[in-house]
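For reference, the structure is listed below as C-alpha cells.
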Amino acid sequence: MDERKYERVVADREIECIAAGLRSKVVLYDLSAGGCMIETRQLVLANGASVYLVLNHFLETSGQIAWQAEGHAGVQFGQMLNEAAVRFLGFSPSRQCFETMIPRDRFGRLLPPLQ
1 MDERKYERVV
11 ADREIECIAA
21 GLRSKVVLYD
31 LSAGGCMIET
41 RQLVLANGAS
51 VYLVLNHFLE
61 TSGQIAWQAE
71 GHAGVQFGQM
81 LNEAAVRFLG
91 FSPSRQCFET
101 MIPRDRFGRL
111 LPPLQ
C-alpha cells in the first residue's frame with residue numbers, strides 16, 4: 001500500500017528545474033506539501049542531488065532527488081509548501097466515471113446526442 005505523509009494533487013504543468021547549474025524545462029506531474037514528481041528525461045540527476053524548482057511566477061522551492069524511475073524523479077522539498085499553494089497549482093480529477101458524464105453546454109444544459 002502507498003503510504004504518503006501529504007495529500008497529492010495532479011499538476012500536469014511545465015516548470016523550470018535548476019540542477020547542477022543547468023536550467024531545464026520539466027513536467028510537474030503531481031505535487032504535495034512535502035514533494036513532487038517530475039519528468040527528468042533531459043536531465044541526469046543522482047539520488048540526493050539538489051534541485052531548485054520554479055513552480056510558477058511567484059512560487060519557487062528547493063529540494064533533493066529522493067528516487068528515480070523510467071525518466072521520472074521524486075523530489076523531497078527542503079521546506080514544506082503551504083497547502084493552499086498546492087491546491088492552487090494542482091487539480092483533483094473527477095472521481096466520476098467518464099462514461100457516466102453527460103455532456104453539457106457552458107450554461108449547464110444537456111447537449112443533444114450526436115447523430
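Residue numbers (UniProt numbering): 1 to 115. Ideal Cβ placement from N, Cα and C applies to all residues, glycine included.
Beta-carbon to beta-carbon, V75 and G63 are separated by about 4 Å, close enough to satisfy the 8 Å threshold. When L43, A84, D105 are compared, the shortest CA-CA separation from E7 is found for A84. In this structure, the straight-line span from the alpha carbon of V10 to that of C17 is close to 18 Å.
DSSP places V54 inside the beta strand (DSSP E), whose first and last residues are 50-54. Note that the C-beta distance between T40 and V54 is not below 8 Å.
In the DSSP assignment, I18 is bridged to R23, Y52. For E60, no alpha helix (DSSP H) segment is defined; the enclosing uninterrupted segment is the beta strand (DSSP E) at 60-69. Rounded to the nearest whole angstrom, the C-alpha separation of F77 and G34 is 5 Å. A distance below 8 Å between beta-carbons, with the five flanking residues on each side excluded, links R87 to the following residues of its chain, in chain order: V9.
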